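Going by this note's numbering, the sequence shown opens with residue -19, and the numbers climb by one from there.
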Amino acid sequence: MKNKDDKFKKVISHAKEYGYIFQSSEIYEGLSAVYDYGQNGAELKKNIRDYWWKAMVQMHENIVGIDAAIFMHPTTWKASGHVDAFNDPLIDNKDSKKRYRADVLIEDFAEKLNLKAKKEITKAAKRFGDAFNEEEFITTNPRVIRYLSKRDEVLKRMGESLENEDLSDVKALIEELEIACPVSGSKNWTDVKQFNLMFGTKLGATAESAMDLFLRPETAQGIFVNFANVQKTGRMKIPFGIAQTGKAFRNEIVARQFIFRMREFEQMEMQFFVRPGDELKWYEYWKEKRLNWHLSLGINKENYRFHDHEKMAHYANAAADIEFNFPFGFKELEGIHSRTDFDLKAHEEYSGKKLQFFDHELNKSYVPYVIETSIGLDRMFLAIFSSALQNETLEDGSERVVLKLPAVLAPTKATVLPLVKKDGLPEIAREIINDLKYDFNVSYDEKDAIGRRYRRQDAVGTPFCITVDHQTKEDDTVTIRYRDTMAQERIAIKDLRNIIYKEVSVGDWLKKINN
Ligand code: ATP
């Protein structure tokens, strides 16, 4: 646990020190669970957003993107179910006065059982060596069976109680499992209550005429209310998708995990409209596609896992999360939901407008079913950033801190360094920058010894350092140093663009999704 905490603290301080993420309004002591992206953070975030947008919109003939407003007619949220059902079950500890999400307390308990089972499996694997049969061990070892069946039983009961709105049973479950407050250690809990997560605001100047609005808690509804507009003007045929990225707002109860759970955050969502009855086929398709998108970025696949939902949202008939191994353990990064025809039907009912598709092949109209892929941009940022941050011990025993961001996402692709601040070397460096800046984000650094400058770029995540030295003046060559391997090569200035392009071209990275 200590190690995990340390790693997480390092991620947070590194993000601040290198201009990636700052606490919002820091000079006024900050605002809880709200963050600002600094000069490098804004670039990384934009690159992740672009990578998603290209994979979704540019790569699919039948997916288009929109940009709907944050403010929406208030009836939207009545129809979507958010006014009545966008609640979290909360519980307070009477001694520490801390507030928790009751479902999260129970899920954490279940995860502990999972870890216990895993420990047994790892121990046995070591003991039996090559002869170890994991599947057989899981189904026959009494301890593992006990842990895993308890885990399943706990999650099932929680799922059912939440589904039935039986909050007193959720509390009873917390008490039966003897879950204690992590702060006070006490089991002195209040009842479980529902808490609506939407932020309210007002539109209009005078108190009498003002209209109560909500800041959107998800971007999806902006897509649903535009279904007919896009379908007609784009002459879209089922199956087709509408994608959107943008801000969403939730008054989260427990918001203590840096940019993992924020009150203002950004989502990247795609709603894919299909024929009724085809939805589970497309659900499987998008689960695979989305996982491949993550894997294309080259992060070890052990860091991802699917988690099928026990407790389904009010609109879904199948739902899974892609979970990522964050510094504090596996948690939801992206959701893939089969939302049925719930949203479009509800908007038809509340608006009185038809939201249907005439299917020429079937010769009939219907309300399409929907598969949604929904990922938090900030969570994706945290996944990428935290897995990229590494501490290496080098051959000479020294340490280096390196941010091994996928080159396609790195804020700055290359930095150009004159070996010394004289003899015309800075001028040549500037010329190289002037040539490369039309294609890539490049920077210049002339301060400190070259070794220190390399380390600075390693820490900020720049994939290439290009050093101009005295030989450059003679033969138009420079040294290129690769961040991840620290290898150095002498190359001609005229080859720089191609070498960089090969490593950072979005197209080449995206091609991996279909491999
Ligand atoms: P959680 O269970 O963690 O609260 P959720 O199931 O409510 O998440 P969804 O409503 O499915 O999340 O939202 C889709 C995605 O939006 C999530 O997978 C996550 O990446 C992101 N997201 C949701 N809430 C937040 C938040 N408060 N801060 C940052 N990202 C968020």
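Note that beta-carbon positions come from the ideal geometry of N, C-alpha and C, so glycine has one too.
Fair warning: this is a prediction, and the values are worked out from it, not measured in the lab.
Review point. Under the three-state reduction of DSSP, which class applies to GLU518: helix, strand or coil?
Key: No answer is possible for residue 518: the residues shown for the chain start at -19 and end at 495.
**Study point:** Closer than 8 Å: ILE313 CB and nearest the ligand ATP heavy atom
**Key:** One detail in the question is off: residue 313 reads as Leu in this sequence, not Ile. The answer is yes for LEU313.
**Study point:** For LYS227, three-class secondary structure by DSSP
**Key:** strand
**Study point:** Sequence ranges, alpha helix (DSSP H) only - wholly within the region 122 to 156, length at least 4
**Key:** 122 to 143, 147 to 156
Practice item. Would you list the one or two residues that DSSP bridges to ILE1? Key: TYR17
Check your understanding: Do three or more CB pairs link the region 348 to 356 to the region 311 to 324 at distances below 8 Å?
Key -> yes
Check your understanding: Closest to ILE71 by CA distance: which of TYR8, PRO122, SER148 is it?
Key -> SER148
Review point. Per DSSP, GLY45 forms a beta bridge with which residues?
Key: ALA223
Exercise for review: Please indicate yes or no: does the CB of MET501 lie closer than 8 Å to some heavy atom of the ligand ATP?
Suggested key: Residue 501 is absent from the model: the chain starts at -19 and stops at 495.
Check your understanding: Sorted by chain position, which residues of the same chain lie with C-beta nearer than 7 Å to ALA298's C-beta, five sequence neighbours on each side aside?
Key -> LEU260, TYR263, SER318
**Study point:** Three-state secondary structure assigned by DSSP to ASP455
**Key:** helix
Practice item. Would you grab the beta carbon distance between MET191 and GLY184 for me? Rounded to a whole angstrom, and I think it's under 8 Å. Key: 6 Å
Practice item. Note down, one range per segment and in chain order, each beta strand (DSSP E) of at least 3 residues found wholly within the region 410 to 462. Key: 422 to 424, 444 to 448, 457 to 462
Check your understanding: According to DSSP, which residues form a beta bridge with GLY356?
Key -> GLN247
Check your understanding: How about ALA235: is its Cβ closer than 8 Å to a heavy atom in the ligand ATP?
Key -> yes
Review point. For ILE355, is the beta carbon positioned less than 8 Å from some heavy atom of the ligand ATP?
Key: yes
Review point. Should PHE240 be listed as close to the ligand ATP, given that the test is whether its C-beta is under 8 Å from any heavy atom?
Key: yes
Check your understanding: Closer than 8 Å: is that where the CB of ALA228 sits relative to any heavy atom of the ligand ATP?
Key -> yes
Review point. Are three or more beta carbon pairs between the region -11 to 2 and the region 321 to 329 nearer than 8 Å?
Key: no
Practice item. Tell me whether the beta-carbon of LYS395 lies closer than 9 Å to the beta-carbon of PHE338. Key: One point to set straight first is that residue 395 is Thr, not Lys, in the sequence displayed. It is not a contact, given that the beta carbons lie outside the stated cut-off.
Exercise for review: Can you tell me the Cβ-Cβ gap for ARG410 and THR442, rounded? I've got them flagged as a contact below 8 Å.
Suggested key: So it is not a contact: roughly 18 Å between Cβ atoms.
Review point. Closest by CA to ASN42, which one among LEU399, HIS287, MET216, SER367?
Key: MET216
Check your understanding: Grouping DSSP H, G and I as helix and E and B as strand, with all else coil, what is GLN201?
Key -> helix
Exercise for review: Take PHE207 as the anchor and find which of LEU193, GLN224, PRO197, ASP83 has the nearest alpha-carbon.
Suggested key: GLN224
Practice item. Determine the closest residue to PRO256 out of PHE308, THR320, LEU271, ILE233, with distance taken between C-alpha atoms. Key: THR320
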